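**Q** Have a look at this one before I ask anything.
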């Protein structure tokens with residue numbers, strides 16, 4: 050376990066007891082208990098996004114891995130290195146098909162690479178290999194370890210210190226080709242930045258390119274990690290709904306992606322194209338696994354754009370403290386109150402989009418979003434980020450429907466005294482689904498559709514849920530109340546929850 | 050949807066909106082919203098165990114199915130018919146690998162049979178086929194439906210009414226062979242009853258056989274559905290820990306399984322055999338999918354045992370109402386207070402085993418247990434049972450560690466006004482893991498092992514969690530307090546939670 054891995058987000062069972070005992074025998078790995086595996090895997094994702102190196106998860110057999118798959122799906126879409134150690138029945142017990150037996154490798158293969166330890170002698174080499182898998186592929190890698198092979202010491206093998214992946218550098222030819230395209234297209238061009246292009250250096254270069262050529266620069270819609278504020282250009286996110294994204298890109302002869310996936314619709318809609326940019330416009334500056342940051346810097350140089358600049362203007366807007374909270378007001382209050390170097394884990398659209406827009410001119414901060422769309426990611430991701438960066442305050446800006454998937458994360462925040470302020474946008478509905486139902490031509494919902502998209506019967510009491518998990522909580526109904534509660538929570542330190550009545 | 054399926058446990062997303070709209074257009078299917086897919090799948094399992102026919106689940110893409118896999122694993126091990134409808138991206142959108150795309154079929158294959166709708170014309174036939182799959186295999190079957198094929202009406206196809214599976218009948222030769230073995234073995238024989246052998250009729254026959262031959266009769270350790278009380282013989286469960294089970298079976302020349310899986314250790318332990326019965330002793334009266342009930346009745350006839358009888362004696366023990374609660378006291382109080390025809394969903398050992406023993410002589414009731422070992426099954430299963438049998442009171446006797454996996458079930462209980470009394474055995478630890486750590490030779494736990502098996506920092510407040518989800522709650526520290534709270538909760542009707550401090 051001495052391969053640069055320092056944290057293990059764990060929910061072990063009987064087949065992992067040798068690992069649990071080893072955590073005390075071999076120093077250097079801090080175990081963090083999650084009450085559900087999706088808390089562990091989401092926290093590992095958040096940890097790696099901030100720490101730049103993987104955390105480990107320790108999961109119990111097939112069902113334990115299954116419970117954590119949704120956030121591993123998100124980690125896969127974030128290109129985050131995550132290393133799962135999954136216990137298996139003792140090798141000689143497997144043929145008996147005991148109740149907890151299932152096809153662990155098949156589950157693991159849906160989210161990344163998989164290895165299985167086949168003998169006691171192999172555990173050291175396989176442990177090193179699974180960490181290398183995560184590093185090289187920037188993804189999820191899983192090691193399945195039968196219980197009888199866990200007693201061999203992984204530490205007998207020579208430890209290999211973890212090195213961050215050296216992302217492949219984009220060739221000078223490619224840079225020159227895209228520079229030529231952008232020069233020709235002028236204002237009829239768009240750059241979509243993602244991956245490590247959303248570092249401060251990458252975005253500054255993107256801003257220079259945009260200012261110099263007249264191209265429009267967007268961030269990908271759901272970045273894993275985006276630096277924001279502190280004088281960075283305001284790279285707004287490409288709109289979520291395809292009609293709006295298509296319209297945003299319609300003027301472009303060239304759409305250059307830099308570390309982002311190709312712009313495709315989140316869902317398919319009848320008579321709406323899946324590819325959002327005009328036919329023939331797409332060009333790749335850097336693939337998601339390549340060094341988009343360096344490519345943008347090189348492109349700015351090639352265009353002689355590095356003298357230009359683009360800086361977001363801090364908002365001077367004052368907010369009426371008596372105003373009833375809306376998504377817009379929440380975004381503005383949080384943007385105004387943001388501590389320097391805060392990390393903001395954003396899940397859900399109600400407040401997420403307004404905050405992103407409002408905080409462009411704020412102090413420097415880092416935004417983490419839900420990359421894969423499997424909901425229940427925001428709270429675990431915030432937890433993992435707080436453990437990766439104990440000196441940075443973390444805010445989880447969270448819609449209620451998705452928070453309900455992994456409320457157990459609150460307990461681990463309390464146990465680890467994590468500096469996370471959880472802001473729950475309590476609109477008591479699956480609002481995005483109500484929008485989608487309307488979009489698909491259902492102007493009036495029948496009683497069952499109504500009931501399947503509403504969370505208000507009974508009303509969830511978030512302050513009670515937080516108290517149940519040991520987290521102090523407040524309620525806010527106006528912009529002023531939110532501001533007061535948020536200031537107090539940030540000043541006090543440790544985990545807090547604020548239920549925002551929308 | 051007119052194939053005998055009346056209830057749909059749903060957590061839909063954008064790709065299932067056509068189904069949601071159809072629920073209002075086509076009458077006859079009641080939609081029940083779960084806040085997490087593992088609530089939906091566990092409820093479908095509990096529903097089918099009591100109703101004898103499947104419920105449907107409606108799940109959103111790969112991550113939605115992944116979230117529900119743990120309780121589908123349990124349903125698979127319970128041989129329960131469950132029909133999953135999982136939405137997929139529109140067929141023409143799939144090649145774009147949008148963020149929520151993943152290998153749904155691979156996930157579904159780990160728990161049962163899988164079908165994918167390949168054209169708009171096929172949806173009717175495939176819907177009927179997936180229901181038939183669940184019925185014929187007594188298991189989990191999944192239909193993946195791309196969004197663009199959902200607009201075709203499944204109802205255009207001829208509906209096929211759901212018929213309970215006719216379990217294959219055991220041959221007369223097999224009955225006669227086992228009868229001969231039992232006659233020869235006399236007291237040196239054990240019968241392990243499972244599957245539909247745990248019906249009232251099956252257990253009465255097992256009791257007759259045991260009384261007549263001197264054989265010992267056990268229930269399988271984790272039955273899906275076991276009738277208990279009301280004069281049935283006390284078929285105790287085969288012990289969980291292998292050493293105790295091996296010792297219980299050691300005297301047997303013949304171990305006849307009737308509807309139960311072969312007796313194997315739950316986990317493999319060094320130097321403990323996986324097969325729990327003596328070499329050469331195992332004989333099959335009925336396989337888990339066969340008609341064990343009829344086989345037991347036929348066997349009793351073949352042995353001329355049908356005149357014999359074995360009846361559990363109601364306990365006359367009085368309980369000191371001031372006694373501090375222990376697992377034993379909880380078992381006795383609940384057994385004494387049990388309403389006639391109650392359903393008891395048992396998850397976790399702390400109170401589960403004592404209750405099972407104590408309730409042998411109680412009023413007639415049905416016990417549901419966690420068949421697959423994936424924890425977080427008890428509350429959803431209780432919810433599904435309550436929806437299947439609205440006139441029967443349901444008690445969920447639940448350990449705290451496993452309840453924390455699917456606390457969201459409380460909200461659906463409140464919303465549906467389900468008659469479920471949730472009893473939480475709050476020992477604030479993963480007690481079974483502490484036992485397992487000790488078993489594996491760790492007399493003293495290191496600080497990390499201690500921390501990974503304790504749930505007391507911070508203490509969970511179950512009454513606050515219940516309040517958060519809209520369920521009234523009490524706390525009980527003594528036998529008398531539990532008795533009072535349980536009586537009141539049962540008298541009031543609707544969902545209640547009682548935190549039992551152990």
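Residue numbers (the numbering used here), protein chains in the order written: chain A, 50 to 551; chain B, 50 to 551. Glycine is no exception: its CB is placed at the ideal position from the N, C-alpha and C atoms. If you're wondering where the values come from, they're calculated on a predicted model, not measured in any experiment.
Would you list the one or two residues that DSSP bridges to residue 229 of chain A?
**A** Translated into positions along the first chain, residue 229 of chain A becomes position 180. Answer is none; residue 229 of chain A lacks a bridge partner.
**Q** Which of the residues in the region 487-508 of chain A, read from start to end, lie with their CB under 9 Å from any CB of chain B?
**A** Result list: 488, 489, 490, 491, 494, 495, 496, 497, 498, 499, 500, 501, 502, 503, 504, 506, 507, 508.
**Q** Determine the extent of the beta strand (DSSP E) in which residue 429 of chain A is found, giving its start and end residues.
**A** On the first chain, residue 429 of chain A is found 380 positions in, with the first residue counted as 1. From DSSP, residue 429 of chain A is part of no beta strand (DSSP E) but of the alpha helix (DSSP H) over 427-437.
**Q** Residue 422 of chain B versus chain A: which residues are under 9 Å apart at the beta carbon?
**A** Here residue 422 of chain B refers to the residue found at position 373 when the second chain is read from its first residue. What residue 422 of chain B touches in chain A: 62, 110, 112, 147, 148, 149.
**Q** Any contact of the region 438-447 of chain A with the region 382-392 of chain A, i.e. 3+ C-beta pairs under 8 Å?
**A** Counting Cβ pairs under 8 Å, three or more are found: they touch.
**Q** What first and last residue would you give for the alpha helix (DSSP H) that runs through residue 262 of chain A?
**A** Indexing the first chain from 1 puts residue 262 of chain A at position 213. Where residue 262 of chain A is concerned, the enclosing alpha helix (DSSP H) stretches over 249-262.
**Q** Pair every Cβ in the region 168-188 of chain B with every Cβ in the region 344-356 of chain A, then say whether three or more of these pairs are closer than 8 Å.
**A** Not touching, per the Cβ criterion.
**Q** Along the chain, where does the alpha helix (DSSP H) that runs through residue 462 of chain B open and close?
**A** Taking the second chain and counting its residues from 1, the one referred to as residue 462 of chain B is at position 413. Taken as a continuous stretch (DSSP letters only), the alpha helix (DSSP H) holding residue 462 of chain B covers 458-464.
**Q** Relative to the C-alpha of residue 464 of chain B, which candidate in B:437, B:432, B:495, B:438 has its C-alpha closest?
**A** The residue labelled residue 464 of chain B in the question sits at position 415 within the second chain. Checked all of B:437, B:432, B:495, B:438; the closest Cα to residue 464 of chain B is B:432.
**Q** Taking the alpha-carbon positions, what's the residue 266 of chain A to residue 96 of chain A distance?
**A** Looking up residue 266 of chain A in the first chain gives position 217. Looking up residue 96 of chain A in the first chain gives position 47. Between residue 266 of chain A and residue 96 of chain A, the C-alpha separation is close to 28 Å.
**Q** Residues of the region 302-333 of chain A in Cβ contact with chain B at a cutoff of 9 Å, in chain order, please.
**A** Listed in sequence order: 310, 311, 313, 314, 315, 316, 317, 318, 319, 323, 324.
**Q** Could you run through the region 156-170 of chain A and flag, in chain order, every residue whose CB is less than 9 Å away from some CB of chain B?
**A** Here the close residues are 156, 158, 159, 160.
**Q** Using 10 angstroms around the beta-carbon of residue 235 of chain B, count the other beta-carbons present and answer buried if the total reaches 16, otherwise exposed.
**A** Here the question's residue 235 of chain B lines up with position 186 in the second chain. When all chains shown are included, residue 235 of chain B counts as exposed.
**Q** Identify the continuous beta strand (DSSP E) that holds residue 245 of chain A and give its terminal residues.
**A** Position 196 of the first chain, counted from the first residue, corresponds to residue 245 of chain A. Counting along the chain, residue 245 of chain A falls outside any beta strand (DSSP E), and DSSP gives it neither H nor E.
**Q** Rounded C-beta distance between residue 183 of chain B and residue 103 of chain B? I'm assuming under 8 Å.
**A** Translated into the one-based positions of the second chain, residue 183 of chain B becomes position 134. Translated into the one-based positions of the second chain, residue 103 of chain B becomes position 54. Correct: roughly 5 Å between the Cβ atoms.
**Q** For a quick check, are the C-beta atoms of residue 304 of chain A and residue 241 of chain A less than 8 Å apart?
**A** Taking the first chain and counting its residues from 1, one reaches residue 304 of chain A at position 255. Taking the first chain and counting its residues from 1, one reaches residue 241 of chain A at position 192. Contact flag set, yes.
**Q** Consider the Cβ of residue 472 of chain B: report whether some Cβ of chain A lies at a distance smaller than 8 Å.
**A** Start at 1 with the first residue of the second chain, and residue 472 of chain B comes out as number 423. It does not: the Cβ of residue 472 of chain B has no partner Cβ on chain A nearer than 8 Å.
**Q** Taking only the alpha-carbon atoms, compute the straight-line gap between residue 125 of chain B and residue 94 of chain B and give it to the nearest angstrom.
**A** The residue given as residue 125 of chain B occupies position 76 in the second chain. The residue given as residue 94 of chain B occupies position 45 in the second chain. The alpha-carbon atoms of residue 125 of chain B and residue 94 of chain B are separated by roughly 9 Å.
**Q** Between residue 64 of chain B and residue 138 of chain B, is the Cβ-Cβ spacing less than 8 Å?
**A** Position 15 of the second chain holds residue 64 of chain B. Position 89 of the second chain holds residue 138 of chain B. In contact: residue 64 of chain B and residue 138 of chain B (Cβ atoms closer than 8 Å).
**Q** Between which two residues does the alpha helix (DSSP H) carrying residue 34 of chain B extend?
**A** Examination of residue 34 of chain B is not possible in this model, given that chain B is present from 50 through 551 alone.
**Q** Mapping DSSP to helix, strand and coil, what is residue 123 of chain B?
**A** Within the second chain, residue 123 of chain B is the residue found at index 74, counting from 1. In this structure, residue 123 of chain B counts as helix in the three-state DSSP scheme.
**Q** Determine, using beta-carbon pairs with one atom in the region 213-220 of chain A and one in the region 292-303 of chain A, whether at least three such pairs fall under 8 Å.
**A** Because the criterion of three Cβ pairs below 8 Å is not met, the region 213-220 of chain A and the region 292-303 of chain A do not touch.
**Q** Could you give the DSSP three-state label for residue 308 of chain A: helix, strand or coil?
**A** Within the first chain, residue 308 of chain A is the residue found at index 259, counting from 1. Strand, per DSSP.
**Q** Residues in the same chain with beta-carbon distance under 7 Å from residue 299 of chain B, minus the five sequence neighbours each way, listed in chain order, please.
**A** Here the question's residue 299 of chain B lines up with position 250 in the second chain. Contacts found: 327.
**Q** With a CB to CB cut of under 7 Å and the five nearest residues on each side skipped, what residues in its chain are close to residue 154 of chain A?
**A** Residue 154 of chain A sits at position 105 when you count from the first residue of the first chain. Hits under 7 Å: 163, 165, 193.
**Q** At a Cβ threshold of 8 Å, is residue 395 of chain A touching chain B?
**A** Position 346 of the first chain, counting from 1, holds the residue named residue 395 of chain A. Output row for residue 395 of chain A: interface = no.
**Q** Under 8 Å Cβ-Cβ, which residues of chain B neighbour residue 462 of chain A?
**A** Residue numbering aside, residue 462 of chain A sits at position 413 when the first chain is read from its first letter. Correct list: empty, because the minimum Cβ distance to chain B is about 10 Å.
**Q** Report the rounded CA-to-CA distance for residue 270 of chain A versus residue 160 of chain B, giving the unit in angstroms.
**A** Residue mapping note: residue 270 of chain A aligns to position 221 of the first chain, counting from 1. Residue mapping note: residue 160 of chain B aligns to position 111 of the second chain, counting from 1. Their Cα atoms are separated by approximately 34 Å.
**Q** I want to see whether chain A comes within less than 8 Å of residue 257 of chain B, judged by CB atoms only; does it?
**A** In the second chain, residue 257 of chain B corresponds to position 208, counting from 1. Judged by the 8 Å Cβ criterion, residue 257 of chain B is not in contact with chain A.
**Q** Rounded to a whole number of angstroms, what is the C-alpha to C-alpha distance between residue 490 of chain B and residue 279 of chain A?
**A** Counting from one through the second chain, the residue named residue 490 of chain B turns up at place 441. Counting from one through the first chain, the residue named residue 279 of chain A turns up at place 230. Their Cα atoms are separated by approximately 55 Å.
**Q** Does the region 275-290 of chain A come close enough to the region 359-368 of chain A that 3 or more CB-CB pairs lie under 8 Å?
**A** Touching, yes.
**Q** Taking the alpha helix (DSSP H) that residue 96 of chain A belongs to, which residues open and close that run?
**A** Walking along the first chain from the start, residue 96 of chain A turns up at place 47. 86-100 is the extent of the alpha helix (DSSP H) around residue 96 of chain A.
**Q** Apart from the five residues on each side of it in sequence, which residues of its chain come closer than 8 Å, Cβ to Cβ, to residue 246 of chain B?
**A** Along the second chain, one-based indexing puts residue 246 of chain B at 197. Within the same chain, residue 246 of chain B has close Cβ partners 252, 255, 307, 308, 309, 335, 341, 342, 344, 345.
**Q** Take residue 264 of chain A as the anchor and find which of A:277, A:237, A:197 has the nearest alpha-carbon.
**A** By one-based count along the first chain, residue 264 of chain A stands at place 215. The candidate whose alpha carbon is nearest that of residue 264 of chain A is A:237.
**Q** I want to know whether the region 522-536 of chain B touches the region 456-470 of chain A - three or more CB-CB distances under 8 Å.
**A** Taking 8 Å as the limit for Cβ pairs, the verdict is that the region 456-470 of chain A does not touch the region 522-536 of chain B.
**Q** My output table needs one value for residue 60 of chain B: the three-state DSSP class, helix, strand or coil.
**A** Residue numbering aside, residue 60 of chain B sits at position 11 when the second chain is read from its first letter. Strand at residue 60 of chain B.
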